[in-house]
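Protein chains in written order, with this note's numbering: chain A, 27 to 360; chain B, 27 to 360; chain C, 0 to 335; chain D, 0 to 335. We put the beta carbon where it would ideally sit given N, CA and C, even for glycine. Accompanying notes for the structure given below.
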Amino acid sequence: MAVMTYREALNLALREELKRDDRVLVIGEEVGLYEGAYKVTQGLLKEFGPRRIVDTPIAESGFTGVGIGAAMVGLRPVVEMMTFNFALLALDQIVNSAAKLNYMSGGQFNVPIVIRGPGGPAHQLAAQHSQSMEVYFYHVPGLKVVRPSTPMDAKGLLKSAIRDDNPVIFIESETLYNIKGEVPEDPDFTIPLGQAVVRREGTDVTVVAYMGMMYRAMEAAEELAKDGVSVEIVDPRTLMPLDAVTILASVRKTHRAVVVEAGAGFAGMGSELSAVITEQAFDDLDAPVERVTGVPAPMPYARNLEKAKTPSKERIIEAIRRVLYLNGQGNGSR
Amino acid sequence: MAVMTYREALNLALREELKRDDRVLVIGEEVGLYEGAYKVTQGLLKEFGPRRIVDTPIAESGFTGVGIGAAMVGLRPVVEMMTFNFALLALDQIVNSAAKLNYMSGGQFNVPIVIRGPGGPAHQLAAQHSQSMEVYFYHVPGLKVVRPSTPMDAKGLLKSAIRDDNPVIFIESETLYNIKGEVPEDPDFTIPLGQAVVRREGTDVTVVAYMGMMYRAMEAAEELAKDGVSVEIVDPRTLMPLDAVTILASVRKTHRAVVVEAGAGFAGMGSELSAVITEQAFDDLDAPVERVTGVPAPMPYARNLEKAKTPSKERIIEAIRRVLYLNGQGNGSR
Amino acid sequence: MAQKTATKPKTAAGDIDPGLARRIYNDMVLIRRFEEKAAEAYALGKIGGFLHLYIGEEAVAVGATSAMRPDDYAIAAYREHGHCLAKGSDPRRAMAELYGRIDGLSKGKGGSMHLFDKSTNFLGGHAIVGAHLPLAAGAAFAVKYRGGDQVVACYFGDGAVPEGEFHEAMNLAALWKLPVVFICENNRYAMGTSLERALAETEIWKFGRSYNVPSEAVDGMDVLAVRDAVGRAVARARADGTPSLIEARTYRFRGHSMRDPAGAVYRTKEEVEREKLRDPIVSFRERALKAGWLSEDDLRKIEKDVNDLVDEAVAFADASPEPPLSELLTDIFKEK
Amino acid sequence: MAQKTATKPKTAAGDIDPGLARRIYNDMVLIRRFEEKAAEAYALGKIGGFLHLYIGEEAVAVGATSAMRPDDYAIAAYREHGHCLAKGSDPRRAMAELYGRIDGLSKGKGGSMHLFDKSTNFLGGHAIVGAHLPLAAGAAFAVKYRGGDQVVACYFGDGAVPEGEFHEAMNLAALWKLPVVFICENNRYAMGTSLERALAETEIWKFGRSYNVPSEAVDGMDVLAVRDAVGRAVARARADGTPSLIEARTYRFRGHSMRDPAGAVYRTKEEVEREKLRDPIVSFRERALKAGWLSEDDLRKIEKDVNDLVDEAVAFADASPEPPLSELLTDIFKEK
Ligand SMILES: Cc1ncc(C[n+]2csc(CCOP(=O)(O)OP(=O)(O)O)c2C)c(N)n1
Ligand SMILES: Cc1ncc(C[n+]2csc(CCOP(=O)(O)OP(=O)(O)O)c2C)c(N)n1
Ligand SMILES: [Mg+2]
Ligand SMILES: [Mg+2]
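Here's what the structure looks like:
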């Protein structure tokens, strides 16, 4: 174990996999000479050279397609989206090529590619550069989607993603690159895709949250602990495949659930979690599942508006209180 | 009133709006000389000429961007996607330009554009040409999304979409173009966006469905009527903004809900409807909301597999029986 | 940079050996007959969805493939029966795929637009116009990465040129010197849209200048001219990874798809009839006879063998069962 | 097609009147001072997010705008303070937008990358590289549709050229003869990526040949040369809608953004220092003096007035309140 930042954990995972397997390469804008817009690929060009670490022009659809084509014939490219916002320009390649080639070819051409980069709300980057992007991917059959909240998960899940034989969408966060945490240095350490984790044990209510929202839920939990409310927090880590078993086990224990997402909310991860929990644990629920989501608006630039756009600790606390009927309100209000 | 096909109703709506407002134009692949890959624009080039009916090369991002730019300065383009699958190539323009310009400019530049064309499962067109596309749009703040199930809705809603000052995603269906129905010929007839409609009155269970799935739900309802089960069917018509009021009123009456969608299901329209109904009508529900969705796989070509991919009448009937506890099964199974 | 300024496409000279003549004639006739049968099957409802016929354009795939090695890669759009067969796929499995049967190349899951054959290095069958150009560059990238000397043939239509991915793929291939030969099958129409209504520059080979890649136009109805042009491009690609752009001028004898049978709205009967006089199979047949590469008997024999093979393919497809329903849920992900 | 084959960009000759010289000098100094102040405010945390400075490139926006009419349109990427100010926006409202305040051009909702000003026909401020090129073609389409004679100036970086939308927009504008002038601000780097590492053809003006549009390279540090080149392009566009591609060779004196202050990883100090000797403001100042267009006093006066105006803009922005929280939910849709 060593303490390192989320950024360093990603960098270490890339380094280990590049060492381990010559078929692995990194391709994207500014990943080489510039060492990454967010420095996740720091030192890689120096260590592995331009054959393995490939700088590209600004042509997301083009270089993503190049990665997919290379994967079709045996390479294992890790394509960096400088920020995931730009993946929209490559979405057709991701959805209609990467996700479907194995199926359309009857299993002849699988596509072992990882598409990674930061996504989600950032700091005053405004509407085009600050949006929750997983919503474009987890509903697509043939894609796996990862959102790692901690340095350890970042390393363990990225390694599993690179070793997976299928396309994996791996969305990091600008706002987490500098957080620190314990990370196993063992190059054989991986975390399997599709396993949620209980971040905090509790007995009164289950909160499902990931990335920045998971940390905000933690703060909410600490504050509520003072009032004797015991909150359990489950982090899905992988959104597709979703580990419903772990989430449902927690809900069956607490009988109450709040799902949090930074996204706009309409038909988002919160909707799916709410639906699954209600279907599978209806009789165990003492209150309807509460969704806490971002405000359904584009991301504004102004600092105060931006702050109001994503769920606050206060809104999470309110929702928890609502499912516990602690604030005299009726159900279901959002 | 006149009886006409869904295709003719769309064509009439376009003709009326082109006549009514010179700022309205149609732009897309094969919309002019070829009169539309699915003949929705039949006769328009002849009647309105090449200034109003604009054939484009295959450059979805380019011509969609042209439509958005033209809308920024006052035109009201109707952009046809030959099929909505190709909208993925224009998704960045739709999401990052059309949906956000009014917000980012503080209300200075709204984008009155309609992007229309057929989407959803078709007949043996396989994975890249047969997929439910609304899932890419309804979660995007700044977009409105319409899915018209009948010729009358096709006409009334398309006219409202063209007259709307905001970007509207209007997704038709290859499989409905030939259905016939009563359509008002009055050029002032419109159907406001954001209003659901009760397609069939019933008392035992509410089924929410649209497009092909709505018709399949009708068949299921007729069959169940024989067993004395009274099914109410609500068609949202507009997915964003969603008319939750009408849907909830029905559920509060029947106390049971089944939501049907052709899409893969994960975080889809069914998830949102299930979550909203459960949140808003929890105490009125006698059973958890049931979702009937497409199988989470790419669309296969083989006829028998394709048939098994989308919800069948039988699966809808089963789900209805489940929420009514008529087949001795427990809740929540899918 | 060797950039032919002649806008008049080159035609081939020179002699070839009988073995090659036999193979070329066989392959062109095979593709023609295969598709004529497929059209019949479509009319009978045995094939569904979209069916795009390559009839009239056979010289491009056959000429190009004849200039390449079996271990070279090929990738095409949705009008790809010809490229798949030229690359050596079993016509029976190809036909079974069109029928949507379990013995199809893709177990019936892909259909006419999505033929794939790993055993021949045929990378498919792609139905999003322009999308397979970056994939071709990617396969070439992998070849170079592995230090191999294979070349990738990427076939696409004139309709793909206005797409952004044409530009992105050309630039990346040129910038990184990826061994790919971009072969534009210019049949002058993208569905109902003629070249003049789609491109500000209708001499497609000229786009290569923007990427400093060798480019030329060639008579796509002359199988040997195509073979020569592609041969030059393949030699460059194998030598040092230089990509090329070849504009093969050809013509689609049938409609865009079976749903556009006549293909008559956007072009005149006269034009179609005139073009049919350039039938690549007929002209190669005459030439092979005149040059003495093949005798009338040789040609007849080839035609009969091909007919038998295609009849067998149809019978095979007809006899093959539908995929079991379990196939709906397999291959979504590759399991270890 | 008038296509300059000279790869050496043209420089301007000829005389101009003092009024124009005053305006040009004023506008270039205004942009420079505005951004120097913005950089200070960023350091103080008054401006957040990304801040991309145009310092060193002022001659392009000012020269081009000086060749156009007030009712012509302009659109740019995220490095657009200069274009917005050159088009005539109130510096106070522009600065307030950078501050994220309610008196900003976009009520503080857009920020530095998304300046818009309907009153000056400035169509924004777009942060997806390449995405605003089709929008520019669309505005030009609307002008032509309405039978107007306005022209659209579309500014974009060298980094946008490898994007597919560059190709799609150029082809559509050329095919449909849309009155747009594509002005590539070639500062030789896209973030840390130099031209040579991004394009197979580094003489960007040459891409115009693929679309048969008039194209030329111009010294982007010479405001009058830019004015001349754009003037020629605007005349063509106004006459019959002919679009043009102009490659303005310029240089970014600062880093890519405030997060890349030095901008030193990918270029040498020497190169930056050498380029700074081409400062468009310094050279125009000298030229205006030498030519007698403006006296030392005139120039000093302009500089002082601009300083006062920018100080006022900063004070205005500082004093402007944050948008009320209700603004979070307004403008998502335009209500009738
Ligand atoms: C991105 C995209 N847009 C539109 C279509 C619909 N479409 C299918 S084929 C075709 C014409 C393509 O013409 P061309 O590239 O010249 O190939 P050809 O059919 O002539 O062989 C179009 C527009 C598509 N499949 N993909
Ligand atoms: C589609 C897209 N990809 C990547 C980015 C990230 N990015 C922002 S600016 C930039 C460099 C653009 O360089 P250039 O076009 O030359 O403009 P300059 O910054 O030099 O003015 C990049 C890669 C983006 N904003 N949009
Ligand atoms: Mg064609
Ligand atoms: Mg640049």
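Cβ neighbour criterion (16 or more within 10 Å) applied to residue i
i                 : result
TYR164 of chain B : buried
GLU43 of chain A  : buried
THR272 of chain B : buried
LYS289 of chain C : exposed
PRO417 of chain A : Residue coverage of chain A in this structure runs from 27 to 360, which leaves residue 417 of chain A outside it and unanswerable.
TYR351 of chain A : exposed
VAL281 of chain D : exposed
ASP310 of chain C : exposed
PRO218 of chain A : exposed
ALA224 of chain D : buried
THR229 of chain B : exposed
ALA232 of chain C : buried
Same chain, Cβ closer than 6 Å to residue i, five either side skipped, listed in chain order
i                 : result
ILE141 of chain B : VAL105 and ILE195
THR216 of chain A : GLY182, LYS185 and SER186
ASP26 of chain C  : VAL61 and ALA85
GLY87 of chain C  : THR119
GLY358 of chain B : The predicted model places GLY358 of chain B with a pLDDT of 41, which falls under 50 and marks its position as unreliable; any figure quoted below should be read in that light. Same-chain partners within the cutoff: PRO314.
ALA126 of chain D : TYR77 and MET112
Cβ-Cβ distance between residue i and residue j below 8 Å
i                 : j                 : result
GLU200 of chain D : SER105 of chain C : no
TYR236 of chain B : ARG173 of chain B : yes
ASP71 of chain C  : ALA152 of chain C : yes
PRO167 of chain B : PRO314 of chain A : no
ALA251 of chain A : ILE343 of chain A : no
ASP191 of chain B : LYS335 of chain D : yes
ALA159 of chain D : GLY129 of chain D : yes
LEU324 of chain C : ASN330 of chain B : yes
ALA152 of chain A : HIS131 of chain D : no
ILE94 of chain A  : GLN119 of chain A : yes
ALA136 of chain C : ALA93 of chain C  : no
PRO103 of chain A : LEU51 of chain A  : yes
Residue from the options whose Cα sits closest to the Cα of residue i
i                 : options                                   : result
GLU34 of chain B  : B:LEU59, B:TYR203, B:ILE79 and B:GLU344   : B:TYR203
ILE77 of chain D  : D:GLU270, D:THR192 and D:PHE115           : Before going on, a small fix: residue 77 of chain D reads as Tyr here, not Ile. Per the Cα distances, D:PHE115.
PHE252 of chain D : D:TRP292, D:ARG187, D:VAL271 and D:THR267 : D:VAL271
ARG100 of chain C : C:ASP330, C:PRO320 and C:SER325           : C:PRO320
LYS108 of chain D : A:ASN353, A:PRO326 and A:ASN330           : A:PRO326
ALA97 of chain B  : D:ALA236, D:ASP14 and D:ALA139            : D:ALA139
ASN170 of chain D : D:PHE121, D:SER243 and D:ALA312           : D:SER243
ALA228 of chain C : C:CYS183, C:ALA197 and C:PRO161           : C:CYS183
Own chain residues within Cβ distance below 7 Å of residue i, not counting five before or after
i                : result
LEU19 of chain D : SER65
PRO17 of chain C : TRP292 and LEU293
TYR41 of chain D : LEU50 and MET257
Minimum Cβ-Cβ distance from residue i to chain E less than 8 Å
i                 : result
ALA153 of chain A : Although the question refers to chain E, the structure presented lacks it and instead comprises the protein chains A, B, C and D.
Spatial neighbours of residue i in its chain, beta-carbon cut-off 8 Å, leaving aside the 5 residues before and after
i                 : result
VAL233 of chain A : ALA243, ALA246, ALA247, VAL257, GLU258, ILE259, VAL260, ALA283, VAL284, VAL285, VAL286, ILE342 and ILE346
MET306 of chain B : Looking at the sequence shown, residue 306 of chain B is not Met but Gln. Excluding positions up to five away in sequence, the list reads ALA270 and LEU274.
MET30 of chain A  : LEU38, PRO177, LYS206, GLY207 and VAL209
ALA37 of chain D  : ILE46, LEU50, LEU52, HIS80, MET94, LEU97 and SER111
Practice task
List in chain order the residues whose CB is within less than 6 Å of at least one heavy atom of ligand 3.
Solution key: Taking each Cβ in turn, the ones that pass are C:GLY156, C:ASP157, C:GLY158, C:ASN186, C:TYR188 and C:ALA189.
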